[in-house]
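So the protein lines, in turn, are chains Y and V.
Sequential numbering of the first sequence, starting at 28, is according to the numbering used here.
Sequential numbering of the second sequence, starting at 825, is according to the numbering used here.
Cβ atoms here follow ideal geometry from the backbone N, Cα and C, with glycine treated the same way.
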Amino acid sequence: HSSSPQGPGMPRLVTEFLLCDPDELQLQNKISARIQQEQTGWRRLGNPGTFSLMCVMADQTLLSIVEWARTSIFFKQLKVSDQMKLLHSCWSELLILDIISRQVLYGRVGSLLLVTGQEVQLSDIASQAGPTLAGLVQRGQELVERLHILKLDRQEFACIKFLILFNPDVKDLEEHQLVESVQEQAEGALLEYTSRTSSQHLGRFTHLLLCLSELRSLSTLAEDYLYCRHLSGEVPCNNLLIEMLHAKHS
Amino acid sequence: EPEEPSLLKKLLLAPANS
Chain Y
28 HSSSPQGPGM PRLVTEFLLC DPDELQLQNK ISARIQQEQT GWRRLGNPGT
78 FSLMCVMADQ TLLSIVEWAR TSIFFKQLKV SDQMKLLHSC WSELLILDII
128 SRQVLYGRVG SLLLVTGQEV QLSDIASQAG PTLAGLVQRG QELVERLHIL
178 KLDRQEFACI KFLILFNPDV KDLEEHQLVE SVQEQAEGAL LEYTSRTSSQ
228 HLGRFTHLLL CLSELRSLST LAEDYLYCRH LSGEVPCNNL LIEMLHAKHS
Chain V
825 EPEEPSLLKK LLLAPANS
């Protein structure tokens, strides 16, 4: 249901942001292959369980997010030190947004569509998960429904990713002005795009910003939950996910 | 011995097509 990226009056920057997005099918095949490799290893060593599989999937998704960022407009111009600071600050928001946007754009009611293309029934998750995880999934589902009602499209998600990534509040940025300028441009492009596609434009744009703050608090809770599971040794180690977790908690 | 660069840094510094 998304309009063609180059439709009439499409803000140029929105088109640029959209072109940076990875191809969903390629991503799905790449991560599925990687997960299968992991599972063959597990057959020899004994299957560590669903939660570990989800962590490997999250780690692989995080790798694809870093790949998206480092090849993206504006971000690829930044020094590596600034790139690291920005990603350390917002990685969990981008990870949760990746999961949520997949449900809004491609998912079906009552099930969770994984990055590998597989589907898991939400009722199964609720029955297997503990209270904290079940609460996070429930809150995520509510955010999916809000964004679904708004009929968010790929263009808007592409803008939101840049809004999250280019956060001028991150400390000690060498190129603070560039980061601030990109965030302002991304906000302007999103405002222009939402006002072009919806009658009550300020309402939609403001509602999107409210959803962004809900996403921020949800990702902080998810990070804390993951860190607790890590401290009890339940998260596979020596990967990007663990490194990013430590980056914020060290 | 220099500190091992982080995985994130290695990813960001990797050649474009890797």
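Rounded separation between residue i and residue j - CA only
i                   : j                : result
asparagine 266/Y    : glycine 36/Y     : 43 Å
alanine 213/Y       : arginine 70/Y    : 46 Å
leucine 832/V       : leucine 253/Y    : 19 Å
proline 839/V       : tryptophan 118/Y : 22 Å
lysine 112/Y        : leucine 200/Y    : 8 Å
arginine 166/Y      : cysteine 47/Y    : 29 Å
glutamate 172/Y     : histidine 234/Y  : 13 Å
phenylalanine 78/Y  : asparagine 194/Y : 31 Å
serine 91/Y         : leucine 217/Y    : 24 Å
isoleucine 187/Y    : aspartate 50/Y   : 18 Å
valine 93/Y         : lysine 103/Y     : 11 Å
phenylalanine 44/Y  : isoleucine 191/Y : 13 Å
phenylalanine 232/Y : glutamine 66/Y   : 43 Å
valine 131/Y        : histidine 175/Y  : 5 Å
Under 8 Å from the C-beta of residue i: neighbouring residues of chain V
i               : result
glutamine 110/Y : Leu836
valine 171/Y    : Per Cβ cutoff of 8 Å: no residues; valine 171/Y is ~28 Å from chain V at best.
leucine 242/Y   : Near leucine 242/Y there are no residues of chain V at all, since even the closest Cβ is about 22 Å away, more than 8 Å.
valine 107/Y    : Lys833, Leu836, Leu837
Cutoff 8 Å: residue i Cβ touching any chain C Cβ
i            : result
valine 142/Y : Structure shown: chain C not included; protein chains present are Y and V.
Chain V contact residues for residue i, given Cβ-Cβ distances below 9 Å
i             : result
valine 197/Y  : Here the premise fails: no neighbours, minimum Cβ distance about 15 Å.
leucine 114/Y : Leu832, Leu836
valine 131/Y  : The contacting residues do not exist; valine 131/Y stays about 27 Å from chain V at best.
Helix, strand or coil at residue i according to DSSP, with G and I counted as helix
i                   : result
leucine 179/Y       : coil
threonine 247/Y     : helix
threonine 98/Y      : coil
glutamate 219/Y     : helix
glycine 260/Y       : coil
glutamate 201/Y     : coil
glycine 167/Y       : helix
aspartate 86/Y      : helix
alanine 840/V       : coil
serine 31/Y         : Note that serine 31/Y scores a pLDDT of 49, beneath 50, so its modelled location is shaky; the value from the coordinates is reported in the next line. In this structure, serine 31/Y counts as coil in the three-state DSSP scheme.
glutamate 825/V     : Note on glutamate 825/V: pLDDT 45, under 50, position unreliable in the model; the coordinate value appears next. Glutamate 825/V: coil per DSSP, three-state reduction.
glycine 162/Y       : helix
phenylalanine 189/Y : helix
methionine 271/Y    : helix
glycine 230/Y       : helix
serine 208/Y        : helix
serine 91/Y         : helix
serine 240/Y        : helix
Within chain V, partners of residue i - CB distance below 7 Å
i           : result
valine 83/Y : Residues of chain V passing the Cβ test: none, with the nearest at roughly 15 Å.
Residues from the stretch 258-270 of chain Y in contact with chain V, defined by Cβ distance under 8 Å: Asn266, Leu267, Glu270
Only counting runs of 4 or more residues, tell me where the alpha helix (DSSP H) segments fall wholly within the stretch 40-80 of chain Y, in order along the chain. Fully enclosed alpha helix (DSSP H) runs of 4 or longer: 51-72.
Positions along the stretch 202-218 of chain Y whose CB lies within less than 7 Å of some CB in chain V: none
Suppose only complete runs of 4+ residues qualify. What are the alpha helix (DSSP H) ranges in the stretch 102-159 of chain Y, listed by chain order? 107-133, 149-155
Selection of the stretch 94-105 of chain Y by Cβ proximity to chain V, strictly under 8 Å: Glu94, Arg97, Thr98
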